[in-house]
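**Student:** Okay, so the sequence shown: first residue is -15 according to the numbering used here, each after it adds one.
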Amino acid sequence: MTSSHGRGLLHLAAAVDQPGVYDAGPYVELARLAERGGLDFVTLDDSFARPGPDASAVLSRVAPATHRVGLVPTLTTTHTEPFHVQATVATLDRVSRGRAGWRIDVSTTEGEARLFGRRHSAPLDALWQEAGEVADVAAKLWDSWEDGAAIRDAPTGRFLDRDKLHHVDFTGAAFSVRGPSLAPRPPQGHPVRVVDATEGPARSTAARHADVALVRAASPAQARTVRDRLRADAAGAGRDPNSLLVLVSLLIDLGDGEHAAEPGHGGGGPRQTAQGPLYRGGPVDLADLIASWYKDGTVDGFHLTPVEPRRDLERLVNGTVALLQHRGLFRTFYPGSTLREHLGLARPANQYAGGAA
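1) Evaluate contact between the region 193 to 201 and the region 125 to 134, counting only Cβ atoms and requiring at least three cross-stretch pairs below 8 Å.
2) Below 7 Å CB to CB, which residues in the same chain sit around A186 once its five sequence neighbours on both sides are set aside?
3) Is there contact between the region 318 to 337 and the region 51 to 61, where contact requires at least three CB pairs shorter than 8 Å?
4) Enumerate, from N- to C-terminal direction, the unbroken alpha helix (DSSP H) stretches of 4 or more residues contained entirely within the region -6 to 55.
5) Grouping DSSP H, G and I as helix and E and B as strand, with all else coil, what is D180?
6) Identify, in the order they occur along the chain, each residue of the same chain with its Cβ nearer than 6 Å to the Cβ of F67, setting aside the five sequence neighbours on each side.
7) May I ask you to report which of helix, strand or coil DSSP gives D127?
8) Ignoring anything shorter than 3 residues or poking outside the region 140 to 208, list the beta strand (DSSP E) runs there in chain order.
9) Could you work out which residue in R20, L238, D269, T75 is closest to L343 when comparing CA atoms only?
10) Under a three-way DSSP split, which group does G(-8) fall into?
11) Decide if L(-6) is buried, meaning its Cβ has at least 16 other Cβ atoms within 10 Å, or exposed.
12) Out of R331, R34, P48, which one is the CA nearest neighbour of R81?
13) Below 8 Å on the Cβ atoms is my guess for A350 versus P319; work out the distance and round it to an integer in Å.
14) Could you spell out the range, first to last residue, of the alpha helix (DSSP H) harbouring P66?
15) With 16 as the cutoff for other CB atoms within 10 Å, does G281 come out buried or exposed?
16) Would you decide whether F314 is buried or exposed? Buried here means 16 or more other CB atoms lie within 10 Å of its CB.
17) Give a yes or no on contact between the region 109 to 124 and the region 154 to 174, applying the rule of three or more CB pairs nearer than 8 Å.
18) Would you call the region 271 to 288 and the region 227 to 237 in contact, with 3 or more CB pairs under 8 Å?
19) Between the Cα of V90 and those of L329, E117, H150, spot the shortest distance and give me the residue it belongs to.
20) Using only the alpha-carbon positions, how far apart do L23 and S227 sit?
21) Can you list, in chain order, the residues of its chain whose CB lies under 6 Å from that of V121, leaving out five sequence neighbours each side?
22) Where does the unbroken alpha helix (DSSP H) through H326 begin, and where does it stop?
23) One question on the structure: do T72 and S40 come within less than 7 Å of each other, judged by their Cβ atoms?
24) Work out the CA separation of P37 and G4 for me, nearest whole Å.
25) What are the boundary residues of the beta strand (DSSP E) that L300 is part of?
26) Please state the DSSP three-state secondary structure of V230.
27) Where are the beta strand (DSSP E) runs, 3 residues long or more, that stay fully inside the region 247 to 286, in chain order?
28) Does the Cβ-Cβ distance between D224 and A191 come in under 7 Å?
29) Count the other C-beta atoms from every protein chain shown that fall within 10 angstroms of the C-beta of Q259, then say buried if there are 16 or more, exposed otherwise.
30) Could you say which of Q70, G266, V26 lies nearest to G163 if we only look at CA atoms?
31) Within its chain, find whatever has a CB closer than 8 Å to the CB of L307; leave out the 5 residues flanking it on each side and keep chain order.
32) Would you call the CB atoms of F32 and G85 closer than 7 Å?
33) Should S276 go down as buried or exposed, given a rule of 16 or more other Cβ atoms within 10 Å for buried?
34) Once you ignore the five residues that flank Q335 on each side, which residues in its own chain have a CB closer than 8 Å to its CB?
35) By how many angstroms is the C-alpha of L(-4) removed from the C-alpha of H249?
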């Protein structure tokens, strides 16, 4: 499915974070709203640095209440066991039937380190190098079961094809893992990996391992610079740069209804704030901003964080998304069932299939 100007269709995602909300119901409601708008995926942040529910557990509850929208929790790689992280993401992919992603993040503070008591905080470069190693071993563990490894043939007593089960012996700078995984390969092969690549130390990890890179940019020029660098680094790492999608992350405040965007927010671009680039205005101007940044090839899409979750997501779906659909820039239905299909990403080949090392 392509747009009128020849490129793949625009990609849109939204955050469903709701500070202070611990019940699953409000998250289900926002995810269903995002799905009604055809959004590629929703994200739910998570951190040891502040209170909040476990993002992967919440989205596992959201999974059976939705049908198509992708579900992307944040899981930090710093104080969590890599084997547990990959199993959590694989489980979400299975219970959602191929709609899971993983927003990779690191834990930087000494306060977070004290929650675990195993080690002190480390420099950002070292944390992101470790995050890359966790992403690498996660892929190995997901691939440790080839497709078809589970037979479950009761009459013959064969439940596993051992030739399709592969051992993983990985030693990184801060951890080691022995596989295989405890469960069959996830439906998507590799659930979609998302990295916020705004800061320099995260970019190498994003270029090597991410399917989707998020960039907090207040201008098209800033977004284009980071996108070009990420794609060049991906090519340098032996990847097809077209396999890395770059989405601009914006905070959105649509509380002004249909009024024109404030100076410096709408036609002039978002305004930089301490929390990140902020767009404040109406859904129509937001549609214009998204269309203009997308049409000139600056970005592959947008990841939008509503300032007031229910109000702004509703106006995004009913106003901005409806206009983009009318202009032929955004889908009116999901052409597939998995998050990789929404994003136009191929299901990865198994690195061990066919006797590969």
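Don't be surprised by glycine CBs; every beta carbon is placed ideally from N, CA and C.
All of these numbers come straight from a predicted model, not from anything done at the bench.
**Tutor:** For this structure:
1) no
2) W112, V179, D180
3) yes
4) 9 to 20, 39 to 46
5) strand
6) V161
7) helix
8) 142 to 144, 153 to 155, 160 to 162, 176 to 180, 196 to 199
9) Because the chain is modelled from -15 through 341, residue 343 falls outside the range shown and cannot be assessed.
10) strand
11) buried
12) P48
13) Shown here, the chain extends from -15 to 341; a query on residue 350 therefore has no answer.
14) 66 to 79
15) exposed
16) buried
17) yes
18) yes
19) E117
20) 19 Å
21) P66, F154, V161
22) 323 to 327
23) yes
24) 9 Å
25) Per DSSP, L300 belongs to no beta strand (DSSP E) and is neither H nor E.
26) strand
27) 255 to 257, 260 to 264
28) no
29) exposed
30) Q70
31) P267, V268, A271
32) no
33) exposed
34) A123, K124, D127
35) Low confidence applies to H249: its pLDDT is 49, below 50, so where it sits in the model is not reliable enough to give any reading.
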